[in-house]
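Take a look at the structure below.
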Amino acid sequence: MALKNTKYRFGSITKFFHWFMAALIMFMLISGIYVAQFSDPGLFRFLALVWHKNIGVVILILVIMRYIARIMQQSPALPPSPIGFARTIHWLSLCVHYAIYALMVAQPITGILTSSAAGVPINVMKLFIIPVLITPSEQSFLLFKLIHSYCAYGLIGLLFVHICGALTHQFIHKDYVLKRMLPFVKVDIPEERAEEIEQNNTIERN
Ligand code: HEM
Ligand code: HEM
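Start counting at 1 in the sequence shown, then tack on 173, and there's your number in our numbering.
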């Protein structure tokens with residue numbers, strides 16, 4: 174499997190970032206909601222918050238690496254839309270992707286600021302410490318916590334649209350959009366074959 178994207182396929186770097194970060198973000202949403210809903214001072218909640226913060230900072234580093242990897246290679250073309258309005262639909266899907274990227278950056282930053290506003294430095298995996306970045310106060314704590322939770326619910330909404338879009342491609346349009354993002358799945362892309370045939374100036378036999 175190629176490491177980099179090609180004109181019609183995702184390479185393994187993109188797939189790795191996509192599915193590894195999808196799993197981390199699911200963990201973040203579940204652990205964040207758990208910590209916010211339960212205010213008991215127990216060990217489980219404490220550990221959930223520690224891991225929420227640690228993995229949140231890792232996500233910030235990963236999203237920067239992912240974005241650099243994205244702009245250093247081409248993005249595979251989307252197939253023609255079976256319901257028309259192809260330009261609008263492709264543009265909308267791009268907007269959703271960019272909005273998800275924006276929130277993958279905004280979430281860790283507002284999380285770090287929430288911790289700073291509470292006067293708590295973050296010891297990331299015992300490797301380095303993010304110090305308190307702003308003057309702690311209850312007002313700024315509540316403000317950043319509110320922004321952090323609004324961004325989280327925005328992210329949940331966008332992911333819902335994103336996943337519905339992927340499933341629509343798979344089960345309604347029955348095309349290759351979801352399959353080509355899955356790891357270890359062989360997928361036939363008609364446009365790619367057409368291009369190859371044209372390039373080799375030959376005819377398709379089957
Ligand atoms: C937390 C969960 C997820 C996040 C944060 C996420 C984020 C993203 C982002 C940012 C892209 C754009 C990639 C790029 O061009 O750089 C993308 C593409 C994609 N995602 Fe997800 N995703 C998630 C879950 C899922 C799930 C569960 C599915 C399948 C049901 C899925 C299917 C796809 C597909 C098929 C593409 C490629 C679309 C295309 O061809 O342009 N994603 N995802
Ligand atoms: C992609 C990254 C992140 C996601 C998706 C995420 C998600 C969430 C969610 C869903 C909540 C619950 C919101 C609510 O219902 O009010 C939450 C709360 C919180 N998050 Fe995050 N978060 C992320 C990163 C971070 C980071 C990096 C930190 C700090 C270093 C952080 C610190 C907090 C804190 C302190 C709370 C409030 C807990 C409480 O109510 O006491 N988050 N987060």
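Note that beta-carbon positions come from the ideal geometry of N, C-alpha and C, so glycine has one too. Bear in mind the structure is a predicted one, so any value in this text is a computation, not a measurement.
Check your understanding: In terms of residues, what are the limits of the alpha helix (DSSP H) holding V358?
Key -> Your numbering for residue 358 matches position 185 in the sequence shown. Here V358 belongs to no alpha helix (DSSP H), and DSSP marks it neither H nor E.
Exercise for review: Return the chain-ordered list of same chain residues with a C-beta closer than 6 Å to the C-beta of W224, the five sequence neighbours on each side being excluded.
Suggested key: Numbered from its first residue, the sequence shown carries residue 224 at position 51. Same-chain partners within the cutoff: there are none.
**Study point:** Candidates F190, M174, V269, L306, of which the one nearest I237 by Cα
**Key:** Stepping through the sequence shown from its first residue, residue 237 is reached at position 64. Comparing Cα-Cα distances from I237 to each of F190, M174, V269, L306, the minimum goes to F190.
**Study point:** Straight-line gap, I370 to K188 (C-alpha atoms, nearest Å)
**Key:** By 1-based counting over the sequence shown, the position of residue 370 is 197. By 1-based counting over the sequence shown, the position of residue 188 is 15. Approximately 27 Å between the Cα atoms of the pair.
Practice item. Can you give me the Cβ contacts of L222 inside the same chain, cut-off strictly under 7 Å, excluding the 5 residues immediately before and after it? Key: Locating residue 222 in the sequence shown gives position 49, where the first residue counts as 1. Excluding residues up to 5 positions away in sequence, V208 lie with their Cβ nearer than 7 Å to the Cβ of L222 in the same chain.
Review point. Helix, strand or coil: which one does DSSP assign to N374?
Key: By 1-based counting over the sequence shown, the position of residue 374 is 201. Coil, per DSSP.
**Study point:** Residues near G229 by beta carbon distance below 8 Å, same chain, minus five either side
**Key:** Numbered from 1 along the sequence shown, position 56 holds the residue referred to as residue 229. Cβ neighbours of G229 beyond the five flanking positions: M201, Q280, P281, G284, I285.
**Study point:** DSSP bridge partner residues for N296 (one or two, in chain order)
**Key:** On the sequence shown, residue 296 is found 123 positions in, with the first residue counted as 1. In the DSSP secondary-structure assignment, N296 is bridged to I302.
Practice item. Verify whether the separation of the beta carbon atoms of A290 and S310 is less than 8 Å. Key: Here the question's residue 290 lines up with position 117 in the sequence shown. Here the question's residue 310 lines up with position 137 in the sequence shown. Yes. Within cutoff.
Check your understanding: Using a Cβ-Cβ cut-off of 6 Å (strictly less than) and excluding sequence neighbours within five positions of M277, which residues of its own chain qualify?
Key -> Within the sequence shown, the letter at position 104 stands for residue 277. Same-chain partners within the cutoff: V236.
Point to revise | Nearest-angstrom Cβ-Cβ length linking S288 and K226, presumed shorter than 8 Å | key: The sequence position of residue 288 within the sequence shown is 115, counting from 1. The sequence position of residue 226 within the sequence shown is 53, counting from 1. With a Cβ gap of about 7 Å, S288 and K226 count as contacting.
Exercise for review: To the nearest angstrom, report how far apart F302 and Q372 are at their CA atoms.
Suggested key: For this step, residue 302 is matched to residue 129 along the sequence shown. For this step, residue 372 is matched to residue 199 along the sequence shown. Strictly speaking, residue 302 in this sequence is Ile, with Phe absent from that position. Near 55 Å, if we compare the C-alpha coordinates of Q372 and I302.
Check your understanding: From P363 to Y181, what distance separates their C-alpha atoms?
Key -> As a working mapping, residue 363 is identified with position 190 in the sequence shown. As a working mapping, residue 181 is identified with position 8 in the sequence shown. Distance between the alpha carbons of P363 and Y181 is about 10 Å.
**Study point:** 7 Å CB neighbourhood of V297 in its chain, flanking five on each side removed
**Key:** By 1-based counting over the sequence shown, the position of residue 297 is 124. In the same chain as V297, and ignoring 5 residues on each side of it, the C-beta atoms closer than 7 Å to its own belong to N227, V230, I303, in chain order.
Check your understanding: Considering Y240, what are the terminal residues of the alpha helix (DSSP H) in which it resides?
Key -> The residue you call residue 240 lines up with position 67 of the sequence shown. Per DSSP, Y240 belongs to the alpha helix (DSSP H) from 216-244.
Review point. According to the Cβ coordinates, are Y240 and Y274 closer than 8 Å?
Key: Within the sequence shown, numbered from 1, the residue matching residue 240 stands at position 67. Within the sequence shown, numbered from 1, the residue matching residue 274 stands at position 101. Cβ distance < 8 Å, so Y240 and Y274 count as in contact.
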